[in-house]
Structures are given as C-alpha cells and as structure tokens.
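Asks: Right, I'll just put the structure down here and ask away after.
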Amino acid sequence: MTTLSERISQSAFDDSRLRVVLLLDLYDGAQNQFLEVYEDLHKQVSSVPGHIRDELCQSIENPSQWLITSEWESAPRFLAWVNSEEHVASVQPLHGCVRDTRSLRFSVLRETGRDGPAAAAFSPGVSAGASVGPAFADGQERSRGRLQVAPRRGDGVVRHALTFTVKPGSEAVVAELLSGYASPQAQVDEHTRLRRSSLFMHGNRVVRAMEVEGDLLAALRHVALQPEVRALEEAINPYLEQDRDLSDPGSARTFFTRAALPAVHHVAAGGGESPQLARHALFYPAKKGCGTELARLLAAQDEAAVDDSTSPIEASTVFQRDDVVVRLLDLRGPHDARPALTLGVEGGHKAAVLARLLDSAKDGVPTTHQEISRFLERSEMRLITDRRSPDRA
-5 MTTLSERISQ SAFDDSRLRV VLLLDLYDGA QNQFLEVYED LHKQVSSVPG HIRDELCQSI
55 ENPSQWLITS EWESAPRFLA WVNSEEHVAS VQPLHGCVRD TRSLRFSVLR ETGRDGPAAA
115 AFSPGVSAGA SVGPAFADGQ ERSRGRLQVA PRRGDGVVRH ALTFTVKPGS EAVVAELLSG
175 YASPQAQVDE HTRLRRSSLF MHGNRVVRAM EVEGDLLAAL RHVALQPEVR ALEEAINPYL
235 EQDRDLSDPG SARTFFTRAA LPAVHHVAAG GGESPQLARH ALFYPAKKGC GTELARLLAA
295 QDEAAVDDST SPIEASTVFQ RDDVVVRLLD LRGPHDARPA LTLGVEGGHK AAVLARLLDS
355 AKDGVPTTHQ EISRFLERSE MRLITDRRSP DRA
C-alpha cells in the first residue's frame, strides 16, 4: 500500500480556488496600446463562469514589465476558458504589444489576514467598527471558495502534451516521419532538461507527451529551435488538417495554443522509474461538454489504483483539453492483465459511466471481460517513439 507521503501527485481536480499569474514584457512604447487591449480583455474575462477577480500591476523597476493576477473558483473553470477558441481570439490583440509572456497557475493552499475585525478594518471603503453589509459579506464568502486541502508531493517534473490531427490517409507517412527524426539535445540550460518524450497516434490524431525538469516554456522554445525538429515540422506541414506557418510568430503561437493538451492529473507510487515499466496511452473522445467529467472519472480510479499494491498501474497522467482526453500509463506487466483497471472502469458502475461520457461508445456498455478487452484495444494508442534523455536510458 502506497502512503500519501510517498505518492507523487498533481491535480486540477481538488476543486480548490486557483490563482493565475501572467508575467508580460511589453514592447517599448506599447503601454497605452496594452492598456486599451487589457480593458477589452478584462470585460470579456469578467463574464466567464468561474472568474472571481483580477489585478493589473506594473513593475516599479522596469516599466515594460507587467503582471496580471486572476482568481478563479477552480482550475477546471479556468482551463475551460483558456483552452477555448474564444480565448484564442480574445488574446490576439495582445500579440502586437507584448514581447513575451509567462503563465503560472497555483491552487490556493492557505490565506492569512482576511478574517475577523482586522480584515474589515483594512478592506477598501470599510472603516473600523462599521458594519459589513450582507452583499459585501456574501461576495467575500463567494470569493474565498475552497482551499487546497493539503500540500502535494512532487518529483520536480513538469508534464505537458501537444496534439494535432493529420489528413486521413496520411497516417503511415506521418508515423514514419515522426519515428525517424534525431532527438534534440536534452540539456536546455543549467536548470532545465528534457527528460522524456513519448509520441503516440490514434487514427489521424498525434499526441506528443513531454516530461521536463525545470522550465517547461524554456524547454518548448529550445525544442522548437533545434534544426532536426524544424526539419521534421516542415516535413509534416503538408499533411496537417489545420494549416500553420511556424516561421510566422503569430501563426506559431496560435498553433501551439490550440495544440496544447494540459496535464490535469498525475499520480505515481513514488518509487521512481523502472526499466520494467511499459508505457501505454489510451484515447478517450468525450461527448461534447463531457471532457472534464470523463477526466475526473479516470483520475479518481488512478488515485485508488496507485495505492493498491496489487495494481499494475505504477503511474498515470491524464491530459485533457475540451473533449479530448488522453491517459498515459506506466504499467508493471501486460496491459491486458486487468483490462477493466487499465481502461479505467474497474469496480462499481464505472463502465456504464464511461460509456455515457464517450462519443465513440456506439456498442453500449462493455460488461463482460471480452467486451472490455475489445474496448481497451480500440482505445489503445499506437506508440511511435518513447525517448529518454541519455542518462535515463
């Protein structure tokens, strides 16, 4: 049995309040243009479900450096917005005045100084001793939301994925291109290293899952600049369903925004990597609007599976964007030894829930061992490459 202190865990599903920090570096002389764009963007974001408030700050040391902090009821609410086409369109005007951005997301674990008379005394527009009206009190309570229950234990690794689709009929050519390129240099800088890259296909969908020690953004930029990667991207461009021009910063930014497949949940037993572990990926196309619920279902099972010493699941990462859900598994032994567990439906009525949430569940609810095994086989993604940095081979 894995203890909670040993378990490696990250999750967007603890329903705690989320704080998002956006660091921006503006072009010289672009402050006024940026403020106009921000006002429009703020009006749009303020009406998004789950958004609580935001703040705009300017550096006292470098006027070109700005900071936007926003508060959200929960991570899924924020992710639904930031991964939407509406968000892609709304941030386009920023590109003309912002040289560089960096986004950080944090669950709120603790707060101090907001309760009691002292909080009222220092609240804007509320004098010491004045009564706090019901509307103010209700709004303050709503803004608190739920705090993260306890700190999680990490392993120093950031997990992220990219996904895109290729033209039907080109899958074999694309798979050959993706399997044949030379790996980029693993060491990015003193603090950042590419740890592992696993590439899968399911039909005409490509998913590249990455593990990075250090700064994910620095690693993504490093990979994009590598000659072998640039040559690969040029080679597969004709086969993409959505056109892109990676030599154009705006087109590249839009492509990578749409291709982002965030890791919404990761759990591992905490025993470290082992050569005996086999990596698998499963593709779950959710019904419209059901992606988050499906990802939650899979995450909950994997939490229990990692704590079970008899389970073959050593680690699981669930990636989700809109209605695309991918589950990456590191397994001990054959993946079909416990097909229901590997599929994510072992115990209770989980198979019926999964069938309800999946867009591809045309055959109804899998109930027998044979039906679940066939369902698992259809969900299995084809491994194209699984590369680790040399010191982790």
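Quick note, the sequence shown lines up with residues -5 to 387 if you use our numbering.
For glycine and all other residues, C-beta sits at the position ideal for the given N, C-alpha and C.
The model shown is predicted, which means the values in this text are computed figures rather than measured ones.
1. Using alpha carbons as the reference points, say which of F28, G342, G150, C284 lies closest to V319.
2. Can you list, in chain order, the residues of its chain with a C-beta nearer than 8 Å to that of A113? Leave out the 5 residues immediately preceding and following it.
3. The alpha helix (DSSP H) that contains Y32, what's its start and end?
4. Tell me, to the nearest whole angstrom, how far the beta carbon of S3 is from that of R147; I am working on the premise that it is less than 8 Å.
5. Write down every uninterrupted run of the alpha helix (DSSP H) in the segment 168 to 231 whose length is 4 residues or greater and which is fully enclosed by it, in chain order.
6. At a threshold of 7 Å, does R140 count as lining the ligand ZN (C-beta to nearest heavy atom)?
7. Hey, could you find the ends of the beta strand (DSSP E) E308 is sitting in?
8. Quick one: any contact between the segment 223 to 239 and the segment 293 to 302, if contact means 3 or more CB pairs under 8 Å?
9. Look at the alpha carbon of V42 and the alpha carbon of R290, and state the distance between them as a whole number of angstroms.
10. Please state whether DSSP places V258 in a helix, a strand or coil.
11. Measure the C-alpha to C-alpha separation of L352 and R199 and round it to an integer number of angstroms.
12. T159 lies in the beta strand (DSSP E); which residues open and close that run?
13. DSSP puts Q59 in a beta bridge; with which residues?
14. Which one or two residues does DSSP pair with D94 in a beta bridge?
15. Taking the beta strand (DSSP E) that E49 falls in, what are its first and last residues?
16. Looking at the strands, I want to know which residues DSSP matches up with A280.
17. In whole angstroms, what is the alpha-carbon distance linking E340 and A334?
18. Nearest-angstrom Cα distance between G338 and S177?
19. At the level of alpha carbons, what is the spacing between H260 and Q86?
20. Helix, strand or coil for E80, going by three-state DSSP, please let me know.
21. Quick one: give me the first and last residue of the beta strand (DSSP E) that R376 is part of.
22. Following the continuous alpha helix (DSSP H) through D296, name the residue where it begins and the one where it ends.
23. Is it true that the CB of E235 sits closer than 8 Å to the CB of T157?
24. Only counting the same chain, and skipping five residues up and downstream in sequence, which positions put a Cβ closer than 7 Å to that of D94?
25. Alpha carbon to alpha carbon, how far is R96 from L17?
26. Considering only the beta carbon of each residue, do V312 and V347 sit closer than 8 Å?
27. Where do the ends of the beta strand (DSSP E) carrying R372 lie?
28. Tell me which residues share the same chain as V217 and place their Cβ nearer than 6 Å to its Cβ, disregarding the 5 neighbours each side in the sequence.
29. Of the residues L325, G44, L219, which one's Cα is nearest the Cα of L243?
30. So what does DSSP say about R71, is it helix, strand or coil?
31. Within its chain, find whatever has a CB closer than 7 Å to the CB of L103; leave out the 5 residues flanking it on each side and keep chain order.
32. I need the DSSP call for Q86, collapsed to helix, strand or coil.
33. Helix, strand or coil for V319, going by three-state DSSP, please let me know.
34. When burial is assigned at 16 or more other CB atoms within 10 Å of the CB, is V168 buried or exposed?
35. Kindly indicate which residue of T248, T336, D209 has the alpha-carbon position closest to the one of A272.
36. Secondary structure at L335, three-state DSSP: helix, strand or coil?
Replies: Judging by the given coordinates:
1. Mapped onto the sequence shown, residue 319 falls at position 325. Minimum Cα distance to V319 is reached at C284.
2. As a working mapping, residue 113 is identified with position 119 in the sequence shown. Reliability of the predicted coordinates at A113 is poor, the pLDDT of 36 falling under 50, and no value is obtained from them.
3. Here residue 32 refers to the residue found at position 38 when the sequence shown is read from its first residue. Unbroken alpha helix (DSSP H) run through Y32: 25 to 40.
4. Residue 3 sits at position 9 when you count from the first residue of the sequence shown. Residue 147 sits at position 153 when you count from the first residue of the sequence shown. Contact flag correct, Cβ pair sits at about 6 Å.
5. 210 to 219, 221 to 230
6. As far as ligands go, the structure on display features none, and thus does not contain the ligand ZN.
7. On the sequence shown, residue 308 is found 314 positions in, with the first residue counted as 1. Taken as a continuous stretch (DSSP letters only), the beta strand (DSSP E) holding E308 covers 307 to 315.
8. Result no; under three Cβ-Cβ pairs closer than 8 Å.
9. Locating residue 42 in the sequence shown gives position 48, where the first residue counts as 1. Locating residue 290 in the sequence shown gives position 296, where the first residue counts as 1. So the alpha carbons of these two residues sit roughly 22 Å apart.
10. One-based indexing of the sequence shown puts residue 258 at position 264. V258: strand per DSSP, three-state reduction.
11. As a first step, residue 352 must be located in the sequence shown, where it is residue number 358. As a first step, residue 199 must be located in the sequence shown, where it is residue number 205. For L352 and R199, the distance between alpha carbons rounds to 17 Å.
12. Residue mapping note: residue 159 aligns to position 165 of the sequence shown, counting from 1. 151 to 159 is the extent of the beta strand (DSSP E) around T159.
13. Taking the first residue of the sequence shown as 1, we reach residue 59 at position 65. D19, per the DSSP bridge assignment.
14. To locate residue 94, count along the sequence shown from 1; it is residue 100. Residue pairing from DSSP places D94 in a beta bridge opposite D19.
15. Here residue 49 refers to the residue found at position 55 of the sequence shown. For E49, the enclosing beta strand (DSSP E) starts and ends at 45 to 52.
16. The residue you call residue 280 lines up with position 286 of the sequence shown. According to DSSP, A280 bridges with L352.
17. Taking the first residue of the sequence shown as position 1, residue 340 is located at position 346. Taking the first residue of the sequence shown as position 1, residue 334 is located at position 340. So the two alpha carbons sit approximately 5 Å from each other.
18. Translated into the one-based positions of the sequence shown, residue 338 becomes position 344. Translated into the one-based positions of the sequence shown, residue 177 becomes position 183. Rounded to the nearest angstrom, the two C-alpha atoms are 32 Å apart.
19. Mapped onto the sequence shown, residue 260 falls at position 266. Mapped onto the sequence shown, residue 86 falls at position 92. H260 and Q86: Cα-Cα distance of roughly 31 Å.
20. Position 86 of the sequence shown, counted from the first residue, corresponds to residue 80. The three-state secondary structure of E80, taken from DSSP, is helix.
21. The residue you call residue 376 lines up with position 382 of the sequence shown. 376 to 382 is the extent of the beta strand (DSSP E) around R376.
22. Reading the sequence shown from its first residue, position 302 is the one you call residue 296. Under the DSSP assignment, D296 falls in the alpha helix (DSSP H) whose first and last residues are 285 to 300.
23. Locating residue 157 in the sequence shown gives position 163, where the first residue counts as 1. Locating residue 235 in the sequence shown gives position 241, where the first residue counts as 1. Not in contact: T157 and E235 (Cβ atoms no closer than 8 Å).
24. Here residue 94 refers to the residue found at position 100 of the sequence shown. D19, listed in sequence order.
25. Along the sequence shown, one-based indexing puts residue 96 at 102. Along the sequence shown, one-based indexing puts residue 17 at 23. Each residue's alpha carbon lies about 5 Å from the other.
26. Numbered from its first residue, the sequence shown carries residue 312 at position 318. Numbered from its first residue, the sequence shown carries residue 347 at position 353. No, they are not a contact pair.
27. By 1-based counting over the sequence shown, the position of residue 372 is 378. Note, R372: premise wrong, no beta strand (DSSP E); alpha helix (DSSP H) at 363 to 373.
28. As a first step, residue 217 is located in the sequence shown; it is residue number 223 there, counting from the start. So the qualifying residues of the chain are P178, V223.
29. The residue labelled residue 243 in the question sits at position 249 within the sequence shown. Looking at the sequence provided, one finds Pro at residue 243 rather than Leu. The shortest Cα separation from P243 among L325, G44, L219 belongs to L219.
30. Numbered from its first residue, the sequence shown carries residue 71 at position 77. Looking at R71 - three-state DSSP - the assignment turns out to be helix.
31. As a position in the sequence shown, residue 103 is number 109, starting the count at 1. Around L103: L141, Q142, P145.
32. As a working note, residue 86 is residue 92 in the sequence shown. Q86 falls in the helix class under three-state DSSP.
33. Residue numbering aside, residue 319 sits at position 325 when the sequence shown is read from its first letter. In this structure, V319 counts as strand in the three-state DSSP scheme.
34. Counting from one through the sequence shown, the residue named residue 168 turns up at place 174. V168 comes out buried.
35. Mapped onto the sequence shown, residue 272 falls at position 278. Of the candidates T248, T336, D209, the one whose C-alpha sits nearest the C-alpha of A272 is T336.
36. Here the question's residue 335 lines up with position 341 in the sequence shown. Looking at L335 - three-state DSSP - the assignment turns out to be helix.
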